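As structure tokens, this is what we get:
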């Protein structure tokens with residue numbers, strides 16, 4: 006116990022003086038996620054708000070062939086730019102970026118329209134550009150609405166009820182709660198939290214193992230009259246401490262960032278306050294020893310700082326796998342999934358974000374599973390440290 | 003007193019040590035002389051218990067290092083081949099870390115560090131962080147770290163490697179001081195002159211075996227050679243390179 010504490014205190018202090026550890030544990034790790042995330046969400050929100058507020062701008066060529074359509078578009082608030090373009094010119098204009106979406110009304114339009122035949126309109130847009138695609142979608146929607154208005158008028162003039170052309174009336178009922186909708190946007194947040202958590206201990210895990218070997222202090226340490234398990238235990242404990250600090254900072258940063266992100270403007274509310282942050286901390290806490298022992302174990306096999314860095318970067322990706330899996334199969338919080346570390350934390354946090362109730366039992370199972378894996382990894386680590394090959 | 007009793011160790015097909023037996027006595031400096039790769043480090047590592055011998059036994063003051071590792075190590079100070087310091091800790095913190103792991107109290111640590119600081123001439127940099135220390139300063143701190151718990155036996159693996167002339171001279175004085183205090187000093191080297199100048203007894207190792215175990219004078223007399231160098235070469239055989 007004494008050894009554990011002495012090693013813990015020394016590693017904690019030593020790394021507190023190491024700029025690299027501090028930068029990654031207390032700055033890069035915890036802040037990278039929230040800041041990137043805040044910027045990303047703000048930008049997404051701005052775009053979606055902009056789309057419904059800003060009038061649709063279209064370039065139309067040959068509007069004289071379709072006065073009715075032109076009138077309709079103007080009445081719907083579409084800002085039209087009139088021009089005379091050939092098909093090739095229209096294509097070039099869209100490709101060159103001069104106009105984003107071009108409507109081209111061919112001469113045949115008026116004749117076919119008058120004859121109640123399908124009248125052609127060409128819509129030029131670049132579907133590879135997400136901005137243009139959205140404008141084209143809106144244009145398509147308005148053109149579709151114009152088409153069905155004309156169809157109904159035609160039926161009415163022929164004495165047929167326009168309702169005949171509407172055999173099914175679909176009414177969509179969106180049951181997503183405002184928070185639920187936000188979760189789609191916030192889905193990545195849980196990964197950033199787990200990332201920050203691991204980042205916090207990354208350099209300490211390397212420094213206390215591969216670093217110790219590289220700078221040549223390991224053999225002297227191993228020839229002391231102390232239990233190797235206590236030695237590596239103290240190192241893991243110090244790694245845990247840095248991870249907790251990083252986790253705490255990361256959650257604090259998220260709380261702050263969401264103060265400034267205008268989620269409510271698109272009818273979403275993010276359930277992220279101090280209270281949620283505390284719950285997140287409790288949910289993630291059992292994952293801390295797991296991450297710390299995993300990183301220490303992997304780093305114990307490496308000889309140099311650089312080698313350890315290479316391997317541990319892949320370890321940072323480990324928690325993404327279950328999360329990626331969860332989003333591909335859209336997994337929901339289920340008791341049976343609570344046995345899988347990182348996935349269980351992700352699901353529980355997502356539930357909290359959605360304002361769904363979570364079972365205390367699930368939280369406990371998630372914690373027990375993570376701690377169980379951590380214990381197993383610790384046994385493996387301690388066994389490795391007792392080996393002669395540890396000397397390198 | 004450090005005793006090696008028929009120590010053997012294999013790494014795969016390589017026999018790093020074979021039936022190595024010798025005794026390093028208190029109040030004497032014993033040199034383990036051999037070429038690079040002769041098995042010196044392997045022997046020392048078995049003596050301080052980080053390698054388990056395939057056969058044989060090692061005792062520190064009569065305590066079996068494998069049987070009662072912690073108890074035996076309390077009697078032993080170790081300066082391994084790689085004696086790196088923690089660069090973000092001060093010299094004092096480096097020494098205290100090892101001392102507290104030896105179970106020393108804070109008070110005892112303070113007085114012992116003061117003693118060592120004076121004896122090794124570390125006052126000027128004892129509160130400075132180890133980053134940027136010269137080789138000479140590093141070896142002093144590493145030696146202080148090995149001696150902090152006041153062990154009766156000291157093992158040093160190639161302590162002069164990488165040191166400049168001044169630092170080697172300092173180290174030599176420190177080892178002689180340890181001897182005068184009645185401690186058992188065992189160190190390995192591949193430099194013949196160094197061993198000859200410093201040691202009371204020499205154990206010559208080649209290909210994992212003890213080739214000679216005697217005083218410097220005995221070796222010379224037994225071989226009948228005029229100079230020390232010739233005597234060593236005769237013992238080693240012409241295949242072993244010793245500088």
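Residue numbers (this note's numbering), protein chains in the order written: chain R, 6 to 397; chain E, 3 to 245.
No residue lacks a Cβ here, since even glycine has one placed at the ideal position from N, Cα and C.
All of these numbers come straight from a predicted model, not from anything done at the bench.
Rounded straight-line distance, which links the Cα of residue j to that of residue i
i, j, result
"residue 92 of chain R", "residue 64 of chain R", "13 Å"
"residue 25 of chain R", "residue 17 of chain R", "14 Å"
"residue 363 of chain R", "residue 356 of chain R", "7 Å"
"residue 227 of chain R", "residue 105 of chain E", "15 Å"
"residue 38 of chain R", "residue 318 of chain R", "16 Å"
"residue 96 of chain E", "residue 87 of chain E", "7 Å"
"residue 198 of chain R", "residue 126 of chain E", "46 Å"
"residue 112 of chain R", "residue 125 of chain R", "9 Å"
"residue 144 of chain R", "residue 43 of chain R", "31 Å"
"residue 101 of chain E", "residue 150 of chain E", "6 Å"
"residue 388 of chain R", "residue 234 of chain R", "8 Å"
"residue 214 of chain E", "residue 23 of chain E", "11 Å"
"residue 102 of chain R", "residue 138 of chain R", "13 Å"
"residue 62 of chain R", "residue 84 of chain R", "5 Å"
"residue 170 of chain E", "residue 132 of chain E", "20 Å"
"residue 139 of chain E", "residue 243 of chain R", "29 Å"
"residue 322 of chain R", "residue 36 of chain R", "18 Å"
"residue 22 of chain R", "residue 352 of chain R", "37 Å"
"residue 236 of chain E", "residue 63 of chain E", "33 Å"
"residue 367 of chain R", "residue 283 of chain R", "17 Å"
"residue 111 of chain E", "residue 201 of chain R", "39 Å"
"residue 109 of chain E", "residue 146 of chain E", "17 Å"
Classification of residue i by the beta-carbon crowding that lies within 10 angstroms, buried from 16 upward
i, result
"residue 292 of chain R", "buried"
"residue 136 of chain R", "exposed"
"residue 261 of chain R", "exposed"
"residue 122 of chain R", "exposed"
"residue 115 of chain E", "buried"
"residue 219 of chain R", "buried"
"residue 13 of chain E", "exposed"
"residue 287 of chain R", "exposed"
"residue 304 of chain R", "buried"
"residue 217 of chain R", "buried"
"residue 165 of chain R", "exposed"
"residue 80 of chain R", "exposed"
"residue 90 of chain E", "buried"
"residue 161 of chain R", "exposed"
"residue 2 of chain E", "Nothing about residue 2 of chain E can be reported from this structure: the residues present for chain E run from 3 to 245 only."
"residue 176 of chain R", "exposed"
"residue 28 of chain R", "exposed"
"residue 173 of chain R", "exposed"
"residue 69 of chain R", "exposed"
DSSP beta-bridge partners of residue i
i, result
"residue 1 of chain E", "Absent from the structure is residue 1 of chain E, since the part of chain E shown begins at 3 and ends at 245."
"residue 129 of chain R", "R/107"
"residue 93 of chain R", "Answer is none; residue 93 of chain R lacks a bridge partner."
"residue 66 of chain E", "E/61"
"residue 5 of chain E", "E/25, E/61"
"residue 155 of chain E", "E/78, E/186"
"residue 27 of chain R", "In DSSP, residue 27 of chain R forms no bridge with anything."
"residue 217 of chain E", "E/203"
"residue 36 of chain E", "In the DSSP output, where bridge partners are listed per residue, residue 36 of chain E has none listed."
"residue 212 of chain E", "E/207"
"residue 31 of chain E", "E/187"
"residue 88 of chain R", "R/66"
Query raised in the report: Curious, which full-length beta strand (DSSP E) runs of at least 3 residues does the segment 173-201 of chain E contain?
Result: 186-191
Requested in this report: Please determine if the segment 330-340 of chain R and the segment 27-41 of chain E are in contact, where contact requires at least 3 C-beta pairs separated by less than 8 Å.
Outcome: no
Query raised in the report: Which ranges does the alpha helix (DSSP H) cover as unbroken runs of at least 4 residues, wholly within the segment 227-306 of chain R, from first to last along the chain?
Result: 233-265, 279-289, 292-305
Query raised in the report: Is it a yes or a no for the segment 239-253 of chain R touching the segment 200-219 of chain R, going by three-plus beta-carbon pairs under 8 Å?
Result: Touching, per the Cβ criterion.
Query raised in the report: Would you call the segment 104-119 of chain R and the segment 70-81 of chain R touching, i.e. three or more CB-CB distances under 8 Å?
Result: yes
Query raised in the report: Between the segment 172-183 of chain E and the segment 199-219 of chain E, do at least 3 Cβ pairs fall closer than 8 Å?
Result: yes
Report task. Residues of the segment 212-225 of chain R with a CB closer than 7 Å to any CB of chain B: list them in chain order, please. Result -> The question asks about chain B, but that chain is absent: this structure's protein chains are R and E.
**Report entry** the segment 67-79 of chain E / the segment 117-126 of chain E touching (three or more Cβ pairs under 8 Å)
**Finding:** no
Query - Length at least 4, wholly inside the segment 41-86 of chain R: the alpha helix (DSSP H) runs in chain order - result: 72-80
Query raised in the report: Any chance the segment 36-56 of chain E sits against the segment 184-196 of chain E, with 3 or more Cβ pairs inside 8 Å?
Result: yes
**Report entry** Every unbroken beta strand (DSSP E) within the segment 117-173 of chain R, with a cutoff of 3 residues, ordered by chain
**Finding:** 127-129
Query raised in the report: Any chance the segment 308-325 of chain R sits against the segment 139-159 of chain R, with 3 or more Cβ pairs inside 8 Å?
Result: no
Query - Runs of alpha helix (DSSP H) lying entirely within the segment 74-158 of chain E, each at least 4 residues, in chain order - result: 93-103, 108-122, 137-149
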